[in-house]
Ligand SMILES: Nc1ncnc2c1ncn2[C@@H]1O[C@H](COP(=O)(O)OP(=O)(O)OP(=O)(O)O)[C@@H](O)[C@H]1O
Ligand SMILES: [Mg+2]
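Numbering (the numbering used here), first residue to last: 1 to 353.
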């Protein structure tokens, strides 16, 4: 689809210099009654304005916990460590009030299920104008309404006036997700975090929503962090891919390079497990074996027990990310014996850097 209407007054194309989102050594541990679950282990990445980074991985690999840790959306049993900066400002030590202002303001979350994000009992327009007024993006109710209709037009809703007056159940799933995205971009966020935003939608609508993200993001210069288990979604939208396994990034780099020339056995297995004709689009055939049990610690490489290339040393030492291309890193010394330790923050396509 094409977005050819003017951007709303709240949108800007001038983004601050430097990464919109910078995550350094992020770790999240949940204390449960029986164990400590290390859900995210020292994860680092950067997303520039206008860039899309996809966190790709199997179920349970820590993608959602990473996304939610950035927004500090866990309860008090979660211990989050590391650095998260948004347009240069550190967020992990902000108080809860400042965090609330940030969520839905400078960072927008687009969840998997649009129905859960919308109040079924209130009209769509009201839900958008409320956010605009709460974050002081609109000076009056009239201004908020005009902006809301413009936002609905911007996200490709054919009759925005009508959608404004509708209840969520009167719209299709795809249109509801467009409304959620309109709310997300209403406060001109520097970063959009979208966790499996198309999984609940059927295939044609999925493609339209992915196109919409691409259009909006280039137009508004927003950084997009997208979480998916679907290799085809990653191939569609990612500038940079970070492959997660058992809480760590095991491979990262320009999307094309990682997906066409994977240098970690886990990524190879993921891609080897690309769709069969009898599975849904992008569904993965499972890799033999199982990931480490949550809450059980391990010393070496998290993938060693399922890896056809594993050697004795792999179960003894956790391998660091190694430089396997100018901006491509993989945490496997067996496949990359000559590679030196790399900096995960350098993984990005040259044209975007
Ligand atoms: N609140 C919690 N308390 C304890 N453990 C948790 C909590 N939330 C997540 N976990 C654990 O953290 C690990 C990572 O979970 P996460 O939800 O990030 O996976 P995911 O990669 O998003 O998977 P999926 O594709 O299924 O959404 C899992 O082992 C999960 O059981
Ligand atoms: Mg998830």
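Even glycine gets a Cβ: it sits at the ideal position worked out from N, Cα and C. Since this is a predicted model, take the numbers as computed values, not measurements.
Is it right to say residue 129 is buried, meaning 16 or more other beta carbons lie within 10 angstroms of its own, or is it exposed? Within the chain shown, residue 129 is the residue found at index 129, counting from 1. It counts as buried.
Sequence-distant residues of the same chain with beta carbon closer than 6 Å to residue 138, five excluded per side: On the chain shown, position 138 is the one that residue 138 refers to. Closer than 6 Å at Cβ, skipping near neighbours: 132, 144 and 147.
Quick test of the definition: if touching needs 3 or more C-beta pairs under 8 Å, does the stretch 153-163 touch the stretch 65-78? Contact fails: fewer than three Cβ-Cβ distances are below 8 Å.
By the three-class DSSP mapping on this structure, what secondary structure does residue 215 have? Residue 215 sits at position 215 when you count from the first residue of the chain shown. Of the three classes helix, strand and coil, the one that applies to residue 215 here is helix, per DSSP.
When the Cβ atoms of the stretch 242-261 are set against those of the stretch 54-61, are three or more pairs found closer than 8 Å? Yes, the stretch 242-261 touches the stretch 54-61.
Residue 250, DSSP secondary structure in three states: Against the chain shown, residue 250 aligns to sequence position 250. It is a strand residue.
Does the beta carbon of residue 195 fall short of 8 Å from some heavy atom of ligand 2? Here residue 195 refers to the residue found at position 195 when the chain shown is read from its first residue. Relative to the non-hydrogen atoms of ligand 2, the Cβ of residue 195 comes within a distance shorter than 8 Å of at least one.
Quick check on DSSP: helix, strand or coil for residue 79? Along the chain shown, one-based indexing puts residue 79 at 79. Residue state, collapsed to three classes: strand.
Spatial neighbours of residue 120 within its chain, please: CB distance less than 8 Å, with the 5 preceding and 5 following residues excluded, ordered by chain position. The residue labelled residue 120 in the question sits at position 120 within the chain shown. If you ignore the 5 residues before and after residue 120, its C-beta comes within less than 8 Å of the C-beta of 167, 168 and 169, all in its own chain and listed in chain order.
Quick one: measure Cβ to Cβ for residue 21 and residue 47, integer angstroms, because I've assumed they're closer than 8 Å. The count along the chain shown starts at 1 and reaches residue 21 at position 21. The count along the chain shown starts at 1 and reaches residue 47 at position 47. 4 Å between Cβ atoms; contact.
Measuring straight from C-alpha to C-alpha, what distance separates residue 261 and residue 159? For the purposes of this step, residue 261 is taken as residue 261 along the chain shown, with counting starting at 1. For the purposes of this step, residue 159 is taken as residue 159 along the chain shown, with counting starting at 1. Between the C-alpha atoms of residue 261 and residue 159 there is a straight-line separation of about 44 Å.
How big is the Cα-Cα spacing for residue 305 and residue 242? Translated into positions along the chain shown, residue 305 becomes position 305. Translated into positions along the chain shown, residue 242 becomes position 242. Those two C-alpha atoms are separated by around 21 Å.
Endpoints, the alpha helix (DSSP H) within which residue 293 is located: Taking the chain shown and counting its residues from 1, one reaches residue 293 at position 293. In the DSSP annotation of this structure, residue 293 is not part of any alpha helix (DSSP H), being labelled neither H nor E.
By DSSP's criteria, residue 245 is part of a beta bridge. Which residues make up the other side? If you number the chain shown from 1, residue 245 lands on position 245. Answer by DSSP bridge pairing, in chain order: 248.
Please confirm whether any heavy atom of ligand 2 lies closer than 8 Å to the CB of residue 248. Walking along the chain shown from the start, residue 248 turns up at place 248. Flag unset: Cβ of residue 248 not near ligand 2.
Once the 5 residues before and after residue 250 are set aside, which same chain residues still bring their CB inside 6 Å of it? As a position in the chain shown, residue 250 is number 250, starting the count at 1. Cβ neighbours of residue 250 beyond the five flanking positions: 243, 264, 266 and 331.
Cβ-based neighbour list, residue 174, same chain, cut-off 7 Å, excluding 5 preceding and 5 following: By one-based count along the chain shown, residue 174 stands at place 174. Correct list, in chain order: 201, 205, 208 and 209.
Tell me which same chain residues have a C-beta within less than 6 Å of the C-beta of residue 92, skipping the five on either side of it? The residue given as residue 92 occupies position 92 in the chain shown. Here the set comprises 84.
Should residue 75 go down as buried or exposed, given a rule of 16 or more other Cβ atoms within 10 Å for buried? Taking the chain shown and counting its residues from 1, one reaches residue 75 at position 75. An exposed status is given to residue 75, since fewer than 16 other beta-carbon atoms sit within 10 Å of its beta-carbon.
Consider the C-beta atom of residue 81 and the heavy atoms of ligand 1; say whether any pair is separated by less than 8 Å. As a first step, residue 81 is located in the chain shown; it is residue number 81 there, counting from the start. No, Cβ of residue 81 sits at least 8 Å from all heavy atoms of ligand 1.
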